[in-house]
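Visitor:
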Amino acid sequence: MQFNWFHSRPFDAAANSDEKHVLILDSSFNPPTVAHQILLLSAYSDPTFNLTFNVIVLLFSSVNADKGFIDDENQRKRTHFMNLLAQSTIQQIGQDNCPAFAIATINQARFLDKARTIQQELFNERTEFKNKPIRLYFIMGFDTIIRVFNQKYYSNMIEELELFFKEYGSRIICADRYSDDQASNGACLIDKLSKDMANRDTADAFKYFQRYILIIENWKLADYGDVSSTKVRRLIGDLQGVGDNDALKSELQRELKTLVPDVIYNHIIDTVEIKSRQF
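So for the sequence shown, this note's numbering puts the first residue at 98; every next one is plus one.
#1: How far does the beta strand (DSSP E) with F235 in it extend, from its first residue to its last?
#2: Using only the alpha-carbon positions, how far apart do K249 and T299 sit?
#3: The beta strand (DSSP E) spanning A201 covers which residue range?
#4: Once you ignore the five residues that flank A206 on each side, which residues in its own chain have a CB closer than 8 Å to its CB?
#5: How would you label G340, buried or exposed, when you count the other beta carbons within 10 angstroms and need 16 or more for buried?
#6: Does DSSP classify S252 as helix, strand or coil?
#7: Might you give, ordered along the chain, the residues of its own chain that have their beta carbon closer than 7 Å to the beta carbon of F246, omitting 5 neighbours on each side?
#8: Can you tell me whether DSSP reads D123 as helix, strand or coil?
#9: Tell me whether the beta-carbon of Y234 lies closer than 8 Å to the beta-carbon of I270.
#10: Would you mind stating whether E314 and T186 have Cβ atoms separated by less than 8 Å?
#11: Could you give the first and the last residue of the continuous alpha helix (DSSP H) run that contains V131?
#12: Could you tell me if T149 is buried or exposed, where buried requires 16 or more neighbouring beta carbons within 10 angstroms of its beta carbon?
#13: Should N221 be flagged as near chain D, meaning a C-beta pair shorter than 8 Å?
#14: DSSP puts N161 in a beta bridge; with which residues?
#15: Here's the rule I'm using: 16 or more other beta-carbon atoms within 10 Å means buried, otherwise exposed. How should I167 be labelled?
#16: Relative to the alpha-carbon of F103, which residue among I190, F226, I242 and A199 has its alpha-carbon at the smallest distance?
#17: Taking Cβ to Cβ, would you say I231 is nearer than 8 Å to F220?
#18: By how many angstroms is the C-alpha of A132 removed from the C-alpha of N180?
#19: F103 by DSSP, collapsed to three states: which one?
#20: Indicate the three-state DSSP secondary structure (helix, strand or coil) for L156 in the structure shown.
#21: Is the Cβ-Cβ distance between L120 and A140 less than 8 Å?
#22: From the DSSP output, in three-state form, read off I310 for me.
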């Protein structure tokens, strides 16, 4: 594992003097969408957390717990998307206000193993972390949390989750997807998760560890409920096959622009244009 630091500033010695807080967006970045960026920014700035994040990390795993390893070409594409998203997010936060910001690729699939590796690497890379407890905050969607509490990924789930949350100092930040105008509500989301865990016989484990889950309050996804990387990939495919139909091309480009940050959009359009000229 190696960190690529995009923005590195000296840590305020008075801030989080007892521990360091690291915000992590772990994603496939295939490609990143506006929902990814809004979720990251919302977690970073949520006043109910009462946290000052010292580091933001965009994290990509080259291996999937269910699908295996991702090939080198796709890894390069994802890394480039991460570079663009990092630049865009730093601009959104502001150079003067943004904490240290890095992208990283890891060859671990389980969050338990990711947490252990990140702890070790940050301790080795940053002198500011020496002899300081490191708290890791993983941003996750509802489905990812379900996988964290899936027994098939553990030999002893309770013991290994003890390591994840306590020994490796991990926390989960979550906002649910809503298709209407309702805002994310912590109590409702925890209840929804609890019911799902009960159906999977992991309710007791979830109840024991749910104190380590933070909910982004007043999170509204009404404008992003239909945003997904799958939809973006489908639009890219449509653009590649649109030919000389300028009206349809403009329509597809307008839709794509609503789904991804501007830097991602510009890169996709440039890539599509280059490929179209090759035929």
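Each residue gets a CB set at the ideal place from its N, CA and C atoms; glycine is no exception.
Guide: Inspection of the coordinates gives the following:
#1: It spans I231 to M237 - the beta strand (DSSP E) in which F235 sits, taken as one unbroken run.
#2: Going from the Cα of K249 to the Cα of T299 covers about 11 Å.
#3: A201: member of the beta strand (DSSP E) spanning A197 to I203, first to last residue.
#4: Excluding its 5 nearest sequence neighbours in each direction, A206 has C-beta neighbours in its own chain below 8 Å: S158, V160, N161 and A162, listed in chain order.
#5: The residue in question, G340, is exposed, as its Cβ has fewer than 16 Cβ neighbours within 10 Å.
#6: S252: coil per DSSP, three-state reduction.
#7: If we look at F246 and ignore the five residues flanking it on each side, its Cβ neighbours are M294, T299, A302 and F303.
#8: Reduced to three states, the DSSP call for D123 is strand.
#9: Yes; because the gap between Cβ atoms is below 8 Å, this pair is in contact.
#10: No.
#11: Per DSSP, V131 belongs to the alpha helix (DSSP H) from V131 to S142.
#12: Exposed, because fewer than 16 other Cβ atoms sit within 10 Å of the Cβ of T149.
#13: The chain inventory of the structure shown lacks chain D, comprising one protein chain alone.
#14: For N161, which the question treats as bridged, DSSP gives the partners G165.
#15: Classification of I167: buried, given that the 10 Å Cβ count is 16 or more.
#16: F103 has its Cα closest to that of A199, out of I190, F226, I242 and A199.
#17: Against a cut-off of 8 Å, the Cβ pair of F220 and I231 comes out as a contact.
#18: Spanning the two alpha carbons is a distance of roughly 17 Å.
#19: It is a strand residue.
#20: Note: L156 maps to strand in three-state DSSP.
#21: Cβ distance < 8 Å, so L120 and A140 count as in contact.
#22: When DSSP states are grouped into helix, strand and coil, I310 belongs to the strand group.
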